[in-house]
Amino acid sequence: MSPEVQNAPAQSAPAQAAPAQTTYREAVRAAIREALLKDSRVFLMGEDVGRYGGCYAVSKGLLQEFGPERIRDTPLSESAFVGAGIGAAMGGMRPIVEVMTVNFSLLALDQIVNNAATIRHMSGGQFGVPVVIRMATGAGRQLAAQHSHSLEGWYAHVPGLKVLAPATLEDARGMLLTALADPDPVLIFEHVMLYNMTGELPPTAGAVPIDKAAIRRPGRDVSLITYGGNLFKTLEAAATLAREGIEAEVLDLRSLRPLDEKTILASVSRTRRAVIVDEGWRSGSLAAEVSARIMEGAFWELDAPVGRVCSAEVPVPYPRHLEEAALPQPAGIVAAAKATLGRS
Amino acid sequence: MPSLGADMEAGTLVEWLKKPGDAVHRGDIIAVVETQKGAIEIEVFETGVVSEILVQPGTKVPVGQPLAQISAPGEAVKPPPAAVAPARPAIPEKPRAPAPPLPLSAPTVAGEARRRVSPAARKLAAERGIDLAGLKGSGPGGAVISNDVAAATRKPPAARKPGLDLAEMRKAIGAAMARSKREIPHYYLGTTIDLSRALAFLERTNAGRTPDRRIMIGAVLIKTVALALRRAPTFNGFFQNGSFAPSKAIHVGVAVALRGGGLVAPAIHDTDSLSLDDLMAATRDLVERSRSGRLRGSEMTDPTITLTSLGERGVDSVVGVIFPPQVAIVGFGRPALRPWVVEGRVEPRQVLQASLAADHRVSDGHAGALFLADIDRMLQEPDKL
Numbered sequence: 654m655s656p657e658v659q660n661a662p663a664q665s666a667p668a669q670a671a672p673a674q675t676t677y678r679e680a681v682r683a684a685i686r687e688a689l690l691k692d693s694r695v696f697l698m699g700e701d702v703g704r705y706g707g708c709y710a711v712s713k714g715l716l717q718e719f720g721p722e723r724i725r726d727t728p729l730s731e732s733a734f735v736g737a738g739i740g741a742a743m744g745g746m747r748p749i750v751e752v753m754t755v756n757f758s759l760l761a762l763d764q765i766v767n768n769a770a771t772i773r774h775m776s777g778g779q780f781g782v783p784v785v786i787r788m789a790t791g792a793g794r795q796l797a798a799q800h801s802h803s804l805e806g807w808y809a810h811v812p813g814l815k816v817l818a819p820a821t822l823e824d825a826r827g828m829l830l831t832a833l834a835d836p837d838p839v840l841i842f843e844h845v846m847l848y849n850m851t852g853e854l855p856p857t858a859g860a861v862p863i864d865k866a867a868i869r870r871p872g873r874d875v876s877l878i879t880y881g882g883n884l885f886k887t888l889e890a891a892a893t894l895a896r897e898g899i900e901a902e903v904l905d906l907r908s909l910r911p912l913d914e915k916t917i918l919a920s921v922s923r924t925r926r927a928v929i930v931d932e933g934w935r936s937g938s939l940a941a942e943v944s945a946r947i948m949e950g951a952f953w954e955l956d957a958p959v960g961r962v963c964s965a966e967v968p969v970p971y972p973r974h975l976e977e978a979a980l981p982q983p984a985g986i987v988a989a990a991k992a993t994l995g996r997s
Numbered sequence: 008m009p010s011l012g013a014d015m016e017a018g019t020l021v022e023w024l025k026k027p028g029d030a031v032h033r034g035d036i037i038a039v040v041e042t043q044k045g046a047i048e049i050e051v052f053e054t055g056v057v058s059e060i061l062v063q064p065g066t067k068v069p070v071g072q073p074l075a076q077i078s079a080p081g082e083a084v085k086p087p088p089a090a091v092a093p094a095r096p097a098i099p100e101k102p103r104a105p106a107p108p109l110p111l112s113a114p115t116v117a118g119e120a121r122r123r124v125s126p127a128a129r130k131l132a133a134e135r136g137i138d139l140a141g142l143k144g145s146g147p148g149g150a151v152i153s154n155d156v157a158a159a160t161r162k163p164p165a166a167r168k169p170g171l172d173l174a175e176m177r178k179a180i181g182a183a184m185a186r187s188k189r190e191i192p193h194y195y196l197g198t199t200i201d202l203s204r205a206l207a208f209l210e211r212t213n214a215g216r217t218p219d220r221r222i223m224i225g226a227v228l229i230k231t232v233a234l235a236l237r238r239a240p241t242f243n244g245f246f247q248n249g250s251f252a253p254s255k256a257i258h259v260g261v262a263v264a265l266r267g268g269g270l271v272a273p274a275i276h277d278t279d280s281l282s283l284d285d286l287m288a289a290t291r292d293l294v295e296r297s298r299s300g301r302l303r304g305s306e307m308t309d310p311t312i313t314l315t316s317l318g319e320r321g322v323d324s325v326v327g328v329i330f331p332p333q334v335a336i337v338g339f340g341r342p343a344l345r346p347w348v349v350e351g352r353v354e355p356r357q358v359l360q361a362s363l364a365a366d367h368r369v370s371d372g373h374a375g376a377l378f379l380a381d382i383d384r385m386l387q388e389p390d391k392l
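This is the structure we're talking about:
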């Protein structure tokens with residue numbers, strides 16, 4: 654155990670205060686810190702996570718606090734360091750592997766899909782891969798097509814993986830701890846537009862369940878189903894709808910695999926209408942899967958075809974106005990919700 | 008139109024739950040009929056396909072008149088009117104001109120002739136027997152949605168829904184009871200039963216159960232009567248056309264008082280073979296449906312004996328009037344704490360007055376006494392129920 658750990662208690666003291674103003678970024682960092690402090694098997698590994706503090710500044714300060722053995726800068730090879738994380742997990746460690754963006758994780762797709770997801774099954778249960786892989790996802794920062802896509806739906810296709818999308822400060826703070834306790838690989842997708850989000854987090858904030866969807870706003874007229882960065886656009890749309898007398902229910906999936914089908918079907922059965930908001934492309938999207946589950950499980954409860962608001966089927970453009978036009982926006986969500994009610 | 012009571016001459020068909028082309032199985036509920044005793048759900052006794060509806064909702068027809076035509080499976084089905092296409096045309100029909108586009112970019116499949124009706128609306132309409140054809144749609148693209156069906160259900164408040172007509176029911180009860188007193192030579196027996204063992208048994212059984220799973224004494228009494236009837240066949244059956252036909256099955260009819268007056272005594276089918284838990288559930292269900300006016304035809308016509316229990320109303324005893332064509336009615340009063348002599352000592356005991364009114368054309372007091380004594384004996388061994 655590295656000596657730096659001894660600094661920890663002094664630095665964690667401020668967290669004892671009443672609900673503190675914090676950001677999503679700080680909430681993720683607090684979760685990583687708590688994990689590092691609690692469990693000597695936990696370490697963080699990825700590109701620029703050490704000296705640079707992480708490309709989204711999530712791990713800033715952690716190298717100084719925990720030292721280079723536990724905050725490890727890696728070469729620019731996703732396949733290599735994700736593979737190393739998988740190996741470490743099989744060997745008894747609890748690695749947190751950070752990948753800069755989901756676009757880059759495609760270089761490690763082989764490690765994630767062919768190794769992490771399969772070893773439990775192929776070894777007849779003899780080996781498990783308790784690795785947590787965090788990565789940024791989504792667009793909105795004008796980072797162009799190679800840094801802006803939302804491919805979490807692809808991972809949600811793969812048995813053997815759990816896929817999480819924390820959208821709130823509580824979930825940013827709490828999902829990592831539950832994911833680390835899981836005996837199998839868990840992928841956590843942090844939307845790039847959430848890192849600067851501010852809010853209050855009680856000092857008691859900690860591990861949260863990762864298997865349930867959450868109703869973020871109750872309503873009776875239409876279910877708006879979303880996750881991650883689009884939760885807030887959807888809540889904004891719900892507020893607009895409320896001014897026109899339409900009470901939308903906003904459901905945050907939280908877990909993309911497994912899907913909390915029970916909560917989805919219960920909500921849709923109440924409202925009889927659903928619109929799915931997903932920053933992925935519409936064809937073959939997670940929104941398609943949720944829509945199919947609704948058809949299978951709640952067809953006879955529906956009063957309108959299920960609607961989807963997804964990204965335009967183009968590589969995410971660089972210019973701001975085109976980027977905005979390509980992504981789901983509150984106005985589009987409002988229009989889709991109204992369409993299910995036969996209103997315009 | 009089935010006969011749903013000894014004195015029923017006609018009934019009004021209020022609602023069809025099946026439409027031409029629907030498959031039906033023996034026992035399915037296919038229609039609702041309004042009688043003097045309220046709205047009764049009608050079961051079908053055949054398996055097949057509804058080929059034609061002969062009586063439209065709102066029509067009053069005499070008992071015995073056919074309501075619908077049912078074809079046996081495999082029999083050629085007369086094509087129902089309206090535009091129900093054959094199930095599988097040999098050559099797929101060419102899709103007609105597409106309907107105006109939906110606000111949602113969904114590709115349109117349905118032809119213009121087909122009503123746009125949401126799945127939820129279809130389900131609700133089927134449940135309530137509403138004809139979708141006359142409904143105006145308020146959903147996307149003018150689709151009929153569940154709210155439209157719900158609104159249509161609310162519109163005609165009169166006669167449509169169960170709505171018990173208490174004056175009519177009073178007439179029906181009066182007719183049946185007058186006939187009973189006119190035709191049936193009643194004889195009456197009574198006994199007082201020590202209920203303490205049965206109550207102690209219930210206390211043991213219910214310990215640790217949540218209120219909704221507790222068994223009440225009423226269920227124990229129903230079960231006891233049903234089991235005692237196995238050895239007393241002359242109290243279980245019907246006296247019709249001058250002779251008594253004992254019933255092999257034991258369907259105890261349980262008298263249920265309705266709020267606002269009136270009374271029905273629907274059957275708990277095969278009462279003797281049900282566990283106490285099942286009986287409890289069946290009783291709850293029956294009481295609830297009796298009060299909402301949703302009983303099935305068979306429940307009205309099948310009771311082979313009636314049990315009336317007025318203990319809850321605070322009386323010590325009740326002696327009933329037989330409901331023809333049945334031949335007996337058992338009555339229970341209120342379990343009450345009374346001084347009771349047990350082995351030469353006076354002890355406080357919970358006791359219950361039981362009565363039997365029976366048809367002298369079928370049985371004598373001797374058999375009735377044995378029947379009541381059997382009920383008493385069984386209540387002393389509640390573990391065997």
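First to last, the protein sequences are chains A and B. In case it helps, this note's numbering puts the first sequence at residues 654 to 997. In case it helps, this note's numbering puts the second sequence at residues 8 to 392. Positions of the beta carbon are idealized from the N, C-alpha and C atoms, including for glycine.
Item                                                                                                                                : Value
Beta-bridge partners of residue 359/B, as assigned by DSSP                                                                          : 200/B
Reduced DSSP category for residue 801/A - H, G, I as helix; E, B as strand; rest coil                                               : coil
Simplified DSSP assignment, three categories, for residue 817/A                                                                     : strand
N-terminal and C-terminal residue of the alpha helix (DSSP H) that residue 717/A is part of                                         : 715–719
Top-ranked residue by Cα proximity to residue 310/B, from 376/B, 75/B, 243/B and 47/B                                               : 243/B
Option nearest residue 839/A by Cα separation, candidates 858/A, 788/A, 795/A and 775/A                                             : 788/A
Classification of residue 90/B by the beta-carbon crowding that lies within 10 angstroms, buried from 16 upward                     : Low confidence applies to residue 90/B: its pLDDT is 40, below 50, so where it sits in the model is not reliable enough to give any reading.
Beta-carbon contacts of residue 743/A that lie in its chain and below 8 Å, excluding the five residues immediately before and after : 772, 780, 781 and 782
Proximal chain B residues relative to residue 599/A, where beta-carbon distance stays under 8 Å                                     : A question about residue 599/A goes unanswered here, because the residues of chain A that appear run from 654 up to 997.
Per-residue burial, residue 278/B [other beta carbons within 10 Å of its own, 16 or more giving buried]                             : buried
Residue closest to residue 333/B, alpha-carbon to alpha-carbon, out of 204/B, 299/B and 364/B                                       : 364/B
Among 923/A, 918/A, 775/A and 938/A, nearest to residue 946/A - alpha-carbon criterion                                              : 918/A
9 Å Cβ cutoff met for residue 713/A and residue 720/A                                                                               : no
Continuous beta strand (DSSP E) assignments of at least 3 residues falling wholly in the region 807–882 of chain A                  : 815–817, 839–844, 851–854, 867–870 and 875–879
Proximity test, Cβ basis, 9 Å: residue 715/A and chain B                                                                            : no
Cβ neighbour criterion (16 or more within 10 Å) applied to residue 686/A                                                            : buried
CB contact check: residue 952/A to chain B, cutoff 9 Å                                                                              : yes
Proximal residues, the region 848–870 of chain A versus chain B, C-beta separation under 8 Å                                        : none
Residue range of the unbroken beta strand (DSSP E) whose run includes residue 931/A                                                 : 927–934
When 715/A, 921/A and 974/A are compared against residue 990/A, the one with the closest alpha-carbon                               : 921/A
Inter-residue Cα distance where the pair is residue 632/A and residue 828/A                                                         : Past the boundaries of the shown model lies residue 632/A; chain A is included only from 654 to 997, so the question cannot be answered.
The region 948–962 of chain A / the region 897–909 of chain A touching (three or more Cβ pairs under 8 Å)                           : no
Straight-line Cα distance separating residue 68/B from residue 142/B                                                                : 27 Å
Residue nearest to residue 678/A in terms of C-alpha spacing, selected from 848/A, 832/A and 797/A                                  : 848/A
Closer than 8 Å: residue 27/B CB and nearest the ligand NAP heavy atom                                                              : Judged by which ligands are present, the structure shown has none, so any question about the ligand NAP falls away.
Chain B residues whose Cβ lies nearer than 9 Å to that of residue 995/A                                                             : 110, 144, 145, 146, 147, 148, 149, 150 and 152
Contact list for the region 919–933 of chain A against chain B, Cβ threshold 7 Å                                                    : 925
Beta-carbon proximity check, residue 193/B vs residue 366/B, cutoff 9 Å                                                             : yes
Per-residue burial, residue 818/A [other beta carbons within 10 Å of its own, 16 or more giving buried]                             : buried
Collapsed DSSP secondary structure at residue 998/A in the structure displayed                                                      : Because chain A here runs from 654 to 997, residue 998/A falls outside it and cannot be looked at.
Where residue 130/B meets chain A, residues with beta-carbon distance less than 7 Å                                                 : 953
Whole-angstrom distance between residue 200/B and residue 328/B, CA atom to CA atom                                                 : 21 Å
Collapsed DSSP secondary structure at residue 43/B in the structure displayed                                                       : coil
Whole-angstrom distance between residue 39/B and residue 232/B, CA atom to CA atom                                                  : 31 Å
C-alpha distance - residue 350/B paired with residue 325/B, whole-angstrom precision                                                : 29 Å
Contact under 9 Å by Cβ, residue 5/B with residue 31/B                                                                              : Absent from the model: residue 5/B. The displayed extent of chain B is 8 to 392, so no value can be given.
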